[in-house]
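Q: Here it is, the structure in full.
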Amino acid sequence: MLSSRMALRRLQRIAVAPLSFTSGATTKVLRDMSTLPRVYVTRQIPPEGLKILQDSGQVQFELWDSDDVPVPRKELLQKVKGVDGLLCVLTEKIDAELLDAAGSNLKVVSTMSVGFDHLSLEELKKSRGIRVGYTPEVLTDAVAELTVALLLATSRRLIEATHEAKTGGWGTWRTLWLCGYELANSTVGILGLGRIGVAIAERLAPFKVKKFIYTDVAPRPELAKAINAEYVTLDELAKQSDFLSICCALTPETKEICNKNLFSKMKNTSIFINTSSHIRGGVVNQEDLYEALSTGQIAGAGLDVTVPEPLPTTHPLFTLKNCVILPHIASASYSTRNAMSALAANNLLLGLRSQPMIKELKL
Amino acid sequence: MKAVRGLMKVFITRRIPQEGTEILSGATGVCEVSQWDSDEPVPRAELLKGVQGAHGLLCLLSDKIDAEVLDAAGPNLKVISTMSVGFDHLALDEIKKRGIRVGYTPDVLTDATAELTVALLLATARRLPEGVEEVKNGGWSSWKPLWLCGYGLSGSTVGVIGLGRIGMAIAQRLLPFGVKRLLYAGRTAKAHAAEVNGEFVPLDTLVSESDFVVVSCSLTPETQGLCDKAFFSKMKKTAVFINSSRGAVVNQEDLYEALNSGQIAAAGLDVTTPEPLPTNHPLLTLKNCVVLPHIGSATYSTRGVMSALTVQNLLGGLQGLDMPSELRL
Numbered sequence: 001m002l003s004s005r006m007a008l009r010r011l012q013r014i015a016v017a018p019l020s021f022t023s024g025a026t027t028k029v030l031r032d033m034s035t036l037p038r039v040y041v042t043r044q045i046p047p048e049g050l051k052i053l054q055d056s057g058q059v060q061f062e063l064w065d066s067d068d069v070p071v072p073r074k075e076l077l078q079k080v081k082g083v084d085g086l087l088c089v090l091t092e093k094i095d096a097e098l099l100d101a102a103g104s105n106l107k108v109v110s111t112m113s114v115g116f117d118h119l120s121l122e123e124l125k126k127s128r129g130i131r132v133g134y135t136p137e138v139l140t141d142a143v144a145e146l147t148v149a150l151l152l153a154t155s156r157r158l159i160e161a162t163h164e165a166k167t168g169g170w171g172t173w174r175t176l177w178l179c180g181y182e183l184a185n186s187t188v189g190i191l192g193l194g195r196i197g198v199a200i201a202e203r204l205a206p207f208k209v210k211k212f213i214y215t216d217v218a219p220r221p222e223l224a225k226a227i228n229a230e231y232v233t234l235d236e237l238a239k240q241s242d243f244l245s246i247c248c249a250l251t252p253e254t255k256e257i258c259n260k261n262l263f264s265k266m267k268n269t270s271i272f273i274n275t276s277s278h279i280r281g282g283v284v285n286q287e288d289l290y291e292a293l294s295t296g297q298i299a300g301a302g303l304d305v306t307v308p309e310p311l312p313t314t315h316p317l318f319t320l321k322n323c324v325i326l327p328h329i330a331s332a333s334y335s336t337r338n339a340m341s342a343l344a345a346n347n348l349l350l351g352l353r354s355q356p357m358i359k360e361l362k363l
Numbered sequence: 364m365k366a367v368r369g370l371m372k373v374f375i376t377r378r379i380p381q382e383g384t385e386i387l388s389g390a391t392g393v394c395e396v397s398q399w400d401s402d403e404p405v406p407r408a409e410l411l412k413g414v415q416g417a418h419g420l421l422c423l424l425s426d427k428i429d430a431e432v433l434d435a436a437g438p439n440l441k442v443i444s445t446m447s448v449g450f451d452h453l454a455l456d457e458i459k460k461r462g463i464r465v466g467y468t469p470d471v472l473t474d475a476t477a478e479l480t481v482a483l484l485l486a487t488a489r490r491l492p493e494g495v496e497e498v499k500n501g502g503w504s505s506w507k508p509l510w511l512c513g514y515g516l517s518g519s520t521v522g523v524i525g526l527g528r529i530g531m532a533i534a535q536r537l538l539p540f541g542v543k544r545l546l547y548a549g550r551t552a553k554a555h556a557a558e559v560n561g562e563f564v565p566l567d568t569l570v571s572e573s574d575f576v577v578v579s580c581s582l583t584p585e586t587q588g589l590c591d592k593a594f595f596s597k598m599k600k601t602a603v604f605i606n607s608s609r610g611a612v613v614n615q616e617d618l619y620e621a622l623n624s625g626q627i628a629a630a631g632l633d634v635t636t637p638e639p640l641p642t643n644h645p646l647l648t649l650k651n652c653v654v655l656p657h658i659g660s661a662t663y664s665t666r667g668v669m670s671a672l673t674v675q676n677l678l679g680g681l682q683g684l685d686m687p688s689e690l691r692l
């Protein structure tokens, strides 16, 4: 997988580098700030992105200076009036109302996210001609790492174990207490073999996994070759996998593909992991998953994505010891969030210069 | 315990995984088995009664096998087989004096232990227990750019203290996460370190340059209390400390200080002093400290292999043959 990893490293270097906007012989020209394009940034994004905006000398920007509280709608509608560029996160709905409030200067919307469910693509495309930047791919490493972390936490029962250590369940040594399932000599199945699926497999291989298998809408020979994975049907994937990792995008075909039918074919010693990106619904039928876990049809499950998010604390899945649920933190590493911040800032600046963005969303 | 004439007597101090039981049931021509058939430890009085006249004893690390037990057993006792790699529960001087052989279970748990160490490292670095807690207590609300951010392995420097079999296995598992440098420290450089591009460095260098410090050495007089105030003061503020070797290598008070003051970012421990760690121990109050109850080898397959090996050691000793894993006394 060397060429793909090199491509990712290259993207990461480009995406986070401050752009140089030298024009001719003059380098740092101190322009009259009031003529610079105006930008509104809807959150206190991680420092690398802010630094890029500040150091560029190309924009004047205003910031909703909170990391954890989203900008209130009224404030947002007020602040976007007349802006040339908008840098947002996925808590802001960029819809007709907002675009109307912004007005006709708005050329670029740059979101610090991979998902774009919060963007009304129809409105953006319609005669407004607004360009959109987003931040895919720089998070592959972080997501693959978190997926493996979640898999191991589930298979080796880490959450149960930390709980026992805190609450007095830890007594004298017992032969089968808190035993889990090993990766050594196992079969790992991947549903949806893309960049992230490959990155996950690469990280699992040295644990002495015996075999990788995958399913997808069609075989992916190049990706599969990198990890020595065999293409199988969905049924076979369910039957053979000791560990099943869901990595597919949500499409009409994959909506709730992980359901009663799938779980009934899985081994009762198997571990099910879902960190796939999801929008407007999910790849997993959560009621069926609850049934499968509570009846021992499968051994355990780890989820980083749920429907809805956040999952209400009364949800039945929380009552299960063999279900680990995380609050969608797959990309939550300092370096990755800074890389996303920097990429969003660079996309914005490039868009304002009418230049190609590093990662532009085709509308 | 009344023995059938000719058969040797064996006492087993616990219910053991079936892989071992199956082998025993095939050995009915060799020995007659008496067993404390429970998942809980055999009470002392029962142990002293059960071992009387035994030729072989199969025990766990929770059974103290000292002079009192050996006296209660009597002169028939020829072999003690423990289902563990550690043997500090065995009074080796007394055992050697009486010419008794000892079997134990090294090596077969390398994969499970390395796997657990990496699981612990990832859970600590990516803050999984905190995440699970936030989800359950309603702390999960809308998306925030830096909420629950952790430290990734990509581009990092990992330092392994003690690059033995388990240390190597840990290093091999960490490499594909994008580790940039793999440092190790110990008494001597290791030839096999080349397989993981390991750089042999002084301990101080490892401690000050690593983003992840993993302790994987054996407990000796030199390593006892190795990880103390001075050690933690040299680490990066963003570094993560992981110990799955022996609790006594770490000064727990100093670790608490380092974590509480932000001198280091986080720690993950699978071993403590004592075990179990009392539930009111300060380390258990820290969000950035993950404590596991010594589950390094806790997988069904590994415990099954350990069980089988322990029985094979026992049968070898009973019959005066080679044992697959004999402890040299």
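Protein chains in written order, with this note's numbering: chain A, 1 to 363; chain B, 364 to 692.
No residue lacks a Cβ here, since even glycine has one placed at the ideal position from N, Cα and C.
Does any C-beta atom of chain A lie closer than 7 Å to the C-beta of A661(B)?
A: So yes, A661(B) belongs to the interface.
Q: Who are the Cβ neighbours of L681(B) in its own chain at under 8 Å, not counting the five residues just before and after it?
A: Cβ within range, chain order: M371, V373, V393, C394, H418, G419, K441 and V442.
Q: Let me see if you follow: with CB-CB separation under 7 Å, is Q675(B) close to chain A or not?
A: Taking Cβ atoms only, chain A never reaches closer than 7 Å to Q675(B), which makes this a no.
Q: Would you say the stretch 116-129 of chain A touches the stretch 174-190 of chain A, given that touching needs at least three Cβ pairs under 8 Å?
A: Short answer: they don't touch.
Q: Taking 7 Å as the threshold (beta carbon to beta carbon), is W64(A) in contact with chain B?
A: With 7 Å as the cut-off, W64(A) does not count as an interface residue toward chain B.
Q: On a Cα-Cα basis, can you pick out the residue from N676(B), A556(B) and K507(B) that is closest to G530(B)?
A: Selected option, being the one with the closest Cα: A556(B).
Q: With a Cβ-Cβ cutoff of 7 Å, do S333(A) and G515(B) count as a contact?
A: Cβ distance < 7 Å, so S333(A) and G515(B) count as in contact.
Q: Given a cut-off of 7 Å on the beta-carbon distance, is the pair S110(A) and N347(A) in contact?
A: Yes, Cβ-Cβ distance for S110(A) and N347(A) is below 7 Å.
Q: Would E387(A) count as contacting chain B if we go by Cβ distances under 7 Å?
A: Because chain A spans 1 through 363 in this model, residue 387(A) falls outside it and cannot be assessed.
Q: Run through DSSP, which three-state label would T487(B) get?
A: Three-state DSSP puts T487(B) in a helix.
Q: Helix, strand or coil for K459(B) per DSSP?
A: Helix, per DSSP.
Q: Quick test of your reading: G351(A) and V108(A), contact by CB under 8 Å. State the CB separation rounded to the nearest angstrom.
A: That pair is a contact at about 3 Å.
Q: Mapping the DSSP letters down to three states, classify G683(B) as helix, strand or coil.
A: Coil, per DSSP.
Q: From the DSSP output, in three-state form, read off F116(A) for me.
A: Coil.
Q: Does L421(B) come within less than 7 Å of chain A when only Cβ atoms are used?
A: Taking Cβ atoms only, chain A never reaches closer than 7 Å to L421(B), which makes this a no.
Q: Tell me whether N285(A) is buried or exposed, calling it buried when 16 or more other Cβ atoms sit within 10 Å of its Cβ.
A: N285(A) comes out buried.
Q: Y514(B) versus chain A: which residues are under 7 Å apart at the beta carbon?
A: Within chain A, the residues near Y514(B) are S333 and Y334.
Q: On the criterion of 16 or more Cβ atoms from any shown chain inside 10 Å, does P772(B) qualify as buried, or is it exposed?
A: The shown model of chain B, from 364 to 692, leaves out residue 772(B), and the question about it has no answer.
Q: Between the alpha carbons of K74(A) and R609(B), how many angstroms are there, rounded?
A: Looking at the two C-alpha atoms, the distance is approximately 57 Å.
Q: Count the other CB atoms, across all protein chains shown, that sit within 10 Å of the CB of G625(B); report buried if there are 16 or more and exposed otherwise.
A: Exposed: under 16 other Cβ atoms inside 10 Å.
Q: How close, in whole Å, do the beta carbons of I658(B) and D633(B) come, if the pair is a contact with beta carbons under 8 Å?
A: Contact flag correct, Cβ pair sits at about 7 Å.
Q: Along the chain, which unbroken stretches of the alpha helix (DSSP H) at least 4 residues long are found entirely within the stretch 522-555 of chain B?
A: Entirely contained in the stretch 522-555 of chain B, the alpha helix (DSSP H) runs reaching 4 residues are, in chain order, 528-537.
Q: Tell me, which residues are paired with M371(B) by DSSP?
A: Paired residues: C394(B).
Q: Where does V612(B) sit, in a helix, a strand or coil, going by DSSP?
A: It is helical.
Q: If I'm right that Y40(A) touches V83(A) with Cβ under 8 Å, what's the distance once you round it to whole angstroms?
A: So it is a contact: roughly 5 Å between Cβ atoms.
Q: Run through DSSP, which three-state label would E638(B) get?
A: E638(B) falls in the coil class under three-state DSSP.
Q: Nearest-angstrom Cα distance between D208(A) and A532(B)?
A: Before going on, a small fix: residue 208(A) reads as Lys here, not Asp. For K208(A) and A532(B), the distance between alpha carbons rounds to 10 Å.
Q: Is the separation between the beta-carbon of F540(B) and that of R203(A) shorter than 7 Å?
A: Yes, these two residues count as a Cβ contact at 7 Å.
Q: Hey, how far is the Cα of E616(B) from the Cα of T476(B)?
A: If you take the alpha carbons of E616(B) and T476(B), they lie about 26 Å apart.
Q: Which residues of the stretch 526-538 of chain B have a Cβ closer than 8 Å to any Cβ of chain A? Give them in chain order.
A: The residues in question are Q535, R536 and L538.
Q: Given that a residue counts as buried once 16 or more other Cβ atoms are within 10 Å of its Cβ, and exposed if not, what is K600(B)?
A: With fewer than 16 Cβ atoms within 10 Å of its Cβ, K600(B) is classed as exposed.
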